[in-house]
Every structure is written in structure tokens, then in C-alpha cells.
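Student: In my numbering, the protein residues as written are 78 to 240.
Ideal Cβ positions, reconstructed from N, Cα and C, are used throughout, including at glycine.
Pasting a structure below so you can have a look.
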């Protein structure tokens, strides 16, 4: 299961890294309301903040939308919140085995809210098909024997969906 999770995160990261970034408008002017990418959360009481659109973004992958905060690239740190495609504004609960979940790799340990003993929720406050905003919190389990717990509080994001 751990290998499958690591494979999922690696594919997600590579797919996001290879996707195209937003292009300038044909006139060279920037849109009136430019959204700044932001993804932040407290992980076991420690701040985790990503503030550039290369590493804070949403991506459509296999009938799911993932909201990604890729931290330290060298350490392969990331936090991902996944929702089923077609979601609207509202609150979604994360339960083990559910289609709304969170995964994280922090300090070399993989955590997942789809594992027993996990829970959480994500609230989508804006989703216009390109720009997404919301908040989240979760408790995820991790490690080879599911012996580790990651508590994510005060999570928030403001990201764009990549093509």
C-alpha cells in the first residue's frame, strides 16, 4: 500500500511539474483580478507554507481534482487534498476509503486520510472552474505500521487549475 501511495504522489508531482503554466494574454496585459497562489497549513503545530503557482496549484487527474502544496522539492515534501471531479462549493468530509482525502509526505513519512484512524474535512468557498479557494483540516495516519499521526490544522488554499 505504501508503494502505491508513493507512486500516486510521484505521478501527481511529475504530471503537475510537466503541465504548462498560464500564458500571458495576447495583449500582454494582466487580468484585472490576478489571483496569487497560496497553500498553507499547520502540520503538527509547524507552519507549512507554499506561495508560488509552480508549487501551489490544482490539477485534474483521473476524475479527481487535486489541490497541491509542494514544499521542499529536494526532500519530496508535499500535501495534497483530493476531491471528486465536479465538486461545487461546500464542505466535504474525509473518511477512510472515501473519495475526498488528503495525502502528505513530510520528513520521509507518507500519511493518508484513507487509512483507519484518519479523518478531516475540506470546505470549498470558491470554484469557478479555474480558481479555487477554501480551507481544510485533517488527521492522517502514516508509516509502515500506521504508527505515525499527522495533524493538519488551519489549512487554506487559493490556487488555479492547471491545464
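#1: Check whether the Cβ atoms of residue 145 and residue 228 lie closer than 7 Å to each other.
#2: Looking only at DSSP bridge pairs, what is residue 137 linked to?
#3: Could you give the distance in angstroms between the alpha-carbon of residue 143 and the alpha-carbon of residue 132?
#4: Per DSSP, what kind of secondary structure is residue 223 in: helix, strand or coil?
#5: To the nearest angstrom, how far is it from the Cα of residue 236 to the Cα of residue 206?
#6: Tell me, which residues are paired with residue 131 by DSSP?
#7: Look at the alpha carbon of residue 147 and the alpha carbon of residue 164, and state the distance between them as a whole number of angstroms.
#8: Are residue 199 and residue 172 close, meaning C-beta to C-beta below 7 Å?
Tutor: Reading off the structure:
#1: As a first step, residue 145 is located in the chain shown; it is residue number 68 there, counting from the start. As a first step, residue 228 is located in the chain shown; it is residue number 151 there, counting from the start. Going by C-beta atoms, residue 145 is not nearer than 7 Å to residue 228.
#2: Walking along the chain shown from the start, residue 137 turns up at place 60. The partner list for residue 137 (beta bridge, DSSP) reads 142.
#3: Here residue 143 is taken as the residue at index 66 of the chain shown, counted from 1. Here residue 132 is taken as the residue at index 55 of the chain shown, counted from 1. Answer to the nearest angstrom: the Cα atoms are 12 Å apart.
#4: As a working mapping, residue 223 is identified with position 146 in the chain shown. Coil at residue 223, not helix or strand.
#5: Residue 236 sits at position 159 when you count from the first residue of the chain shown. Residue 206 sits at position 129 when you count from the first residue of the chain shown. Approximately 11 Å, taken between the alpha carbons.
#6: For the purposes of this step, residue 131 is identified with residue 54 of the chain shown, where counting begins at 1. For residue 131, which the question treats as bridged, DSSP gives no partner whatsoever.
#7: Taking the chain shown and counting its residues from 1, one reaches residue 147 at position 70. Taking the chain shown and counting its residues from 1, one reaches residue 164 at position 87. So the two alpha carbons sit approximately 22 Å from each other.
#8: By 1-based counting over the chain shown, the position of residue 199 is 122. By 1-based counting over the chain shown, the position of residue 172 is 95. Going by C-beta atoms, residue 199 is not nearer than 7 Å to residue 172.
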